[in-house]
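>
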Amino acid sequence: MKPVQPLGEEKVFKDPVHNYIHVQDRLIWTLINTPEFQRLRRIRQLGTSYLTFHGAEHSRFSHSLGVYEITRRIISQFERGGYEDWPREESLVALCAALLHDLGHGPFSHSIEESFDMDHEEWTCRILLGDTEVNRVLEEAETGLAERVASVIRKDYEKPIVVNLVSSPLDADRMDYLLRDAYFTGVNYGTIDVDRILRMLRPHNGRVVVKESGMHAIEDYLMARYQMYWQVYFHPVTRSSDIVLRQIFRRAKELFDQGFAFKFLPYPLPALFEGNIQVHDYLLLDEALVQTAFMQWTREDDEILADVCHRFMQRRLYKYVETDLIDLETIDSIRNEFARVGLHPQYDLEIDFPTDLPYDVFRPGDPKKEKQILLLDRQNRIQEISEVSDIVRSISGIHRGRYHLYYPQDKLEKVIHQLSEEVAAIFENKINPPQMEFEI
31 MKPVQPLGEE KVFKDPVHNY IHVQDRLIWT LINTPEFQRL RRIRQLGTSY
81 LTFHGAEHSR FSHSLGVYEI TRRIISQFER GGYEDWPREE SLVALCAALL
131 HDLGHGPFSH SIEESFDMDH EEWTCRILLG DTEVNRVLEE AETGLAERVA
181 SVIRKDYEKP IVVNLVSSPL DADRMDYLLR DAYFTGVNYG TIDVDRILRM
231 LRPHNGRVVV KESGMHAIED YLMARYQMYW QVYFHPVTRS SDIVLRQIFR
281 RAKELFDQGF AFKFLPYPLP ALFEGNIQVH DYLLLDEALV QTAFMQWTRE
331 DDEILADVCH RFMQRRLYKY VETDLIDLET IDSIRNEFAR VGLHPQYDLE
381 IDFPTDLPYD VFRPGDPKKE KQILLLDRQN RIQEISEVSD IVRSISGIHR
431 GRYHLYYPQD KLEKVIHQLS EEVAAIFENK INPPQMEFEI
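The end of the sequence shown is residue 470 by our numbering, with every number in the run present.
#1: Quick one, which of K41, R341, S363, I421 has its alpha-carbon nearest S271's?
#2: Where does G111 land, buried or exposed, given buried means 16+ other C-beta within 10 angstroms?
#3: Between which two residues does the beta strand (DSSP E) holding G38 run?
#4: Going by CA-CA distance only, name the one from F290, E417, H88, A124 that's closest to V193.
#5: Count the other CB atoms within 10 Å of the CB of S522; is the residue buried (16 or more) or exposed (fewer)?
#6: When DSSP labels each residue in this structure, what does R232 get in the three-state scheme?
#7: Any idea what DSSP makes of H246, helix, strand or coil?
#8: Quick check on the burial criterion: 16 or more other C-beta atoms within 10 angstroms. Buried or exposed for W327?
#9: Skipping 5 residues on each side, what residues in its chain have a beta carbon closer than 8 Å to that of S89?
#10: Report the rounded CA-to-CA distance for A17 versus R411, giving the unit in angstroms.
#11: Do L130 and V167 have their C-beta atoms closer together than 8 Å?
#12: Taking only runs that begin and end inside the region 265 to 308, name each unbroken beta strand (DSSP E) of 3 or more residues, in chain order.
#13: Do the region 150 to 160 and the region 105 to 120 touch if we need at least three Cβ pairs shorter than 8 Å?
#14: Mind listing, in chain order, the continuous beta strand (DSSP E) runs of no fewer than 3 residues lying wholly within the region 298 to 377?
#15: Keeping to the same chain, check which residues put their C-beta closer than 6 Å to that of A171; ignore five residues upstream and five downstream.
#16: In this structure, how does DSSP classify L435 when only helix, strand and coil are distinguished?
#17: Grouping DSSP H, G and I as helix and E and B as strand, with all else coil, what is S145?
#18: Is the number of C-beta pairs between the region 317 to 331 and the region 171 to 181 that are closer than 8 Å three or more?
#19: Leaving out five residues on either side along the sequence, give the residues of the same chain with a beta carbon under 8 Å from the beta carbon of D354.
#20: Tell whether a beta-carbon distance below 8 Å holds between I472 and M205.
#21: Are there 16 or more other CB atoms within 10 angstroms of the CB of D132, so buried, or fewer, so exposed?
#22: How would you call H48, buried or exposed, if buried means at least 16 neighbouring beta carbons within 10 angstroms?
#23: How long is the line joining the alpha carbons of K441 and S94, rounded to whole angstroms?
#24: In its own chain, which residues sit with a C-beta less than 7 Å from the C-beta of Q448, not counting the 5 before and 5 after it?
#25: Please tell me whether A254 and V182 are closer than 8 Å, where the distance is taken between their beta carbons.
#26: Who are the near neighbours of T60 in its chain, counting only those whose CB is closer than 7 Å to its CB and skipping five residues on each side?
#27: Would I142 and F279 be called neighbours here (beta carbons separated by less than 8 Å)?
#28: Look at the alpha carbon of R232 and the alpha carbon of L200, and state the distance between them as a whole number of angstroms.
#29: In three-state DSSP terms, what is Y207?
#30: Between the beta-carbon of T78 and the beta-carbon of L275, is there less than 8 Å?
#31: State the start and end residues of the unbroken alpha helix (DSSP H) segment that holds E417.
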């Protein structure tokens with residue numbers, strides 16, 4: 031690469047998680063100020079979680095800066111230590127990839143991806159390689175740099191150690207979002223000892239590994255991830271808001287495909303619904319535009335679209351019941367009963383099964399070996415962490431979860447007496463909770 035052009039004076043961002051984020055390279059500063067990166071200010075990091083945790087208003091912009099800062103600190107430590115296994119010429123590529131890794135996220139992130147079968151990493155690469163300012167900035171720094179950064183995002187870069195920093199079971203992305211999401215949701219589960227973890231990282235034979243003495247900090251990190259998924263990311267109220275959001279997208283697309291005459295349909299939503307949206311139009315999508323559409327759609331003539339938009343905008347979300355076992359026959363029976371009493375079998379019932387794999391345990395001969403967390407002992411021998419840690423083994427390979435049946439309580443209350451006894455019994459305790467008796 032060309033020599034790095036330092037800024038005349040180091041720039042800093044004051045950050046609630048990392049205290050300060052340091053920018054020393056002119057290229058990084060220029061990338062931060064591109065329209066494509068500034069757009070991330072208008073995309074929430076946690077999608078609809080702000081409807082559950084009112085402080086969760088932080089953006090993909092702040093998270094991306096945080097991932098950059100953790101990566102910068104790791105690289106700085108590698109370079110200060112003079113480790114031969116760290117390719118110093120790759121430092122700027124790694125920093126660019128860390129900064130730009132979430133460039134392709136759309137409004138409400140994963141919900142819109144599920145609704146329109148999109149992948150934010152694919153969109154990140156399309157933005158990096160398209161007719162964009164961020165592409166021009168990278169190519170002016172060095173011809174082919176945009177493709178190198180995209181290759182890191184695709185995880186097929188020629189130096190796996192660079193990919194490790196941005197995408198691995200122990201990467202800068204995960205470390206920042208655990209810390210940042212815990213801070214803004216007000217929970218303590220994600221408060222990992224990031225300073226200790228970073229001090230224990232080493233470059234070794236083309237991989238990022240952990241000194242064996244740092245194992246307990248990694249155990250805490252994996253437990254924090256486990257707790258954050260079940261207490262924050264899979265919170266049932268957040269899942270409810272995600273479901274309502276996906277129903278809005280689903281219904282709007284159905285209506286669009288049917289030729290429905292929307293009273294309000296801002297550009298570029300038609301291109302999104304048609305499935306042929308291009309990069310320059312995709313970059314116009316942000317949460318301000320989408321929520322403006324939702325508010326206007328509360329007055330649309332279609333009853334279903336108006337209802338789900340009103341529920342989302344006014345936080346009148348679906349309630350839920352939990353069950354351990356449910357089969358397709360039972361689901362069909364519930365949907366048929368809903369239809370019989372005038373409820374919509376799809377829009378008034380959603381079955382959700384949140385599941386997480388907190389750590390994919392290593393098994394000898396597993397082709398995923400490169401995706402594991404490796405410990406480096408004093409004799410420079412490598413061991414996979416689940417081979418050493420009882421704690422990691424205890425949470426490895428576990429798919430935890432229960433079925434949740436989501437429904438609009440106000441609608442179901444009006445017709446529950448018309449349902450069959452078997453179906454009504456599933457929802458009865460939620461609709462008509464038993465009265466508690468207390469001894470005096």
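In this text, a Cβ means the ideal position worked out from N, Cα and C, and glycines have one as well.
As the structure is a computational prediction, the values presented were derived from the model and not from experiment.
Reading it off the structure:
#1: As a position in the sequence shown, residue 271 is number 241, starting the count at 1. Nearest of K41, R341, S363, I421 to S271, Cα basis: R341.
#2: Walking along the sequence shown from the start, residue 111 turns up at place 81. With fewer than 16 other Cβ atoms from the protein chains shown falling within 10 Å of its own Cβ, G111 counts as exposed.
#3: Numbered from its first residue, the sequence shown carries residue 38 at position 8. For G38, the enclosing beta strand (DSSP E) starts and ends at 36 to 45.
#4: Looking up residue 193 in the sequence shown gives position 163. It is A124 whose Cα lies nearest to the Cα of V193.
#5: Summary: the structure shown does not reach residue 522, with the chain confined to residues 31 through 470, and so no result is reported for it.
#6: Taking the sequence shown and counting its residues from 1, the one referred to as residue 232 is at position 202. R232 falls in the strand class under three-state DSSP.
#7: Indexing the sequence shown from 1 puts residue 246 at position 216. Here DSSP, grouped into helix, strand and coil, assigns H246 to helix.
#8: By 1-based counting over the sequence shown, the position of residue 327 is 297. Counting C-beta atoms within 10 angstroms of its own C-beta, W327 has 16 or more neighbours from the protein chains shown and is therefore classed as buried.
#9: The count along the sequence shown starts at 1 and reaches residue 89 at position 59. Same-chain partners within the cutoff: L70, R71, R72, I73, R74, Q75.
#10: With the chain covering 31 to 470 only, the question about residue 17 has no answer from this structure.
#11: In the sequence shown, the residue the question calls residue 130 occupies position 100. In the sequence shown, the residue the question calls residue 167 occupies position 137. It is not a contact, given that the beta carbons lie outside the stated cut-off.
#12: Segments of the beta strand (DSSP E) lying fully in the region 265 to 308: there are none.
#13: Touching, no, given that fewer than three Cβ pairs across the two stretches are closer than 8 Å.
#14: Taken in chain order, the complete beta strand (DSSP E) segments of 3 residues or longer contained in the region 298 to 377 are 349 to 353.
#15: For the purposes of this step, residue 171 is taken as the residue at position 141 of the sequence shown. Cβ within range, chain order: L57.
#16: On the sequence shown, position 405 is the one that residue 435 refers to. Strand, per DSSP.
#17: Residue mapping note: residue 145 aligns to position 115 of the sequence shown, counting from 1. Here S145 sits in helix by DSSP.
#18: No, they do not touch.
#19: Here residue 354 refers to the residue found at position 324 of the sequence shown. Cβ neighbours of D354 beyond the five flanking positions: R432, Y433.
#20: The first residue shown for the chain is 31 and the last is 470, placing residue 472 beyond what the model contains.
#21: Sequence index remark: in the sequence shown, residue 132 carries index 102 (1-based). Residue environment: D132 is assigned as buried (16 or more neighbouring CB atoms within 10 Å of its CB, all protein chains considered).
#22: As a position in the sequence shown, residue 48 is number 18, starting the count at 1. Classification for H48: buried.
#23: Taking the sequence shown and counting its residues from 1, the one referred to as residue 441 is at position 411. Taking the sequence shown and counting its residues from 1, the one referred to as residue 94 is at position 64. Distance from the CA atom of K441 to the CA atom of S94, rounded to whole angstroms, is 42 Å.
#24: Locating residue 448 in the sequence shown gives position 418, where the first residue counts as 1. The residues are V371.
#25: Along the sequence shown, read from residue 1 onward, the residue named residue 254 stands at position 224. Along the sequence shown, read from residue 1 onward, the residue named residue 182 stands at position 152. No, these two residues do not count as a Cβ contact at 8 Å.
#26: On the sequence shown, position 30 is the one that residue 60 refers to. So the qualifying residues of the chain are V167.
#27: By 1-based counting over the sequence shown, the position of residue 142 is 112. By 1-based counting over the sequence shown, the position of residue 279 is 249. The criterion of a C-beta distance shorter than 8 Å is satisfied by I142 and F279.
#28: Start at 1 with the first residue of the sequence shown, and residue 232 comes out as number 202. Start at 1 with the first residue of the sequence shown, and residue 200 comes out as number 170. Separation of R232 and L200 (C-alpha to C-alpha, rounded to the nearest whole angstrom) is 12 Å.
#29: Mapped onto the sequence shown, residue 207 falls at position 177. Y207 falls in the helix class under three-state DSSP.
#30: In the sequence shown, residue 78 corresponds to position 48, counting from 1. In the sequence shown, residue 275 corresponds to position 245, counting from 1. Going by C-beta atoms, T78 is nearer than 8 Å to L275.
#31: On the sequence shown, position 387 is the one that residue 417 refers to. Taken as a continuous stretch (DSSP letters only), the alpha helix (DSSP H) holding E417 covers 415 to 418.
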